[in-house]
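Here this note's numbering is used: the first residue of the sequence shown is 128, the next is one more, and so on.
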Amino acid sequence: MNQSTNDQSLREHIVSLLTGGNAHLSFEDFVKDFPVEKCGERIEGIPYTAWQVLEHMRIAQWDILEFSRNANHVSPKWPEGYWPAQEEVGDAAKWNESVGTFRDDLQQIENLVNDSATDLLAEIPHGTGQTILREALLVADHNAYHLGVLVAISRQLQSR
């Protein structure tokens, strides 16, 4: 394989990891079967509603995307800036809005990874050693973790 083929192959592997469906359920497969009307319901022993977890995923993904491409981006305060307020449990309208924004931001990350002008291994100039590769892998890892949480919450909600 030549350098160009290796580069394209790496980009395809990263996008595949971002979109899921390899070792776990994809985001798209999850949301199509999720009982949206129950997204704001609490489950005993779980501190967040499904919408709160989804909104956390959206905020974290957005923050990573903006950090990756915008030197002037200011990240939310950790941890409270990455979660909606506890009393804001969510509803179907908020769920659908979060899903749409999550999809849009994920597509922008995929576009950044697929852009041959993006050097995946170059340090982000305004960072502290991060690369686009690292940030894309961070998004994939974080999303996969919380998608697992959402699957568990969904199963509990559907068994009610």
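No residue lacks a Cβ here, since even glycine has one placed at the ideal position from N, Cα and C.
| Item | Value |
| --- | --- |
| Simplified DSSP assignment, three categories, for T146 | helix |
| Buried/exposed call for H140, threshold 16 Cβ in 10 Å | exposed |
| Paired residues, beta bridge with T258 - DSSP | E250 |
| Residues near K221 by beta carbon distance below 7 angstroms, same chain, minus five either side | W178 |
| Euclidean distance between Cα positions of R185 and G172 | 23 angstroms |
| Which listed residue (P252, R138 and I280) has its alpha carbon closest to that of H200 | P252 |
| Chain-order list of residues whose beta-carbon lies under 7 angstroms from that of E237 (same chain, five-residue window excluded) | V142 and L145 |
| Enclosing alpha helix (DSSP H) for A220 [first to last residue] | A219 to N241 |
| Option nearest Y209 by Cα separation, candidates I259, Y175, D231 and S195 | Y175 |
| Helix, strand or coil at V201 according to DSSP, with G and I counted as helix | coil |
| Given R196 as reference, the closest of Y272, L264 and T258 once Cα atoms are compared | T258 |
| Euclidean distance between Cα positions of A187 and L265 | 10 angstroms |
| Cβ-Cβ distance between H273 and V180 below 8 angstroms | yes |
| Exposure of L192, with buried meaning 16 or more beta-carbon neighbours within 10 Å | buried |
| 8 angstroms contact criterion, which V240 and A271 should meet: CB distance rounded | 16 angstroms between Cβ atoms; not a contact. |
| Whole-angstrom C-beta distance between D156 and G167, which should lie under 8 angstroms | G167 to D156, Cβ: 22 angstroms. No contact. |
| L277 beta carbon less than 8 angstroms from that of I170 | no |
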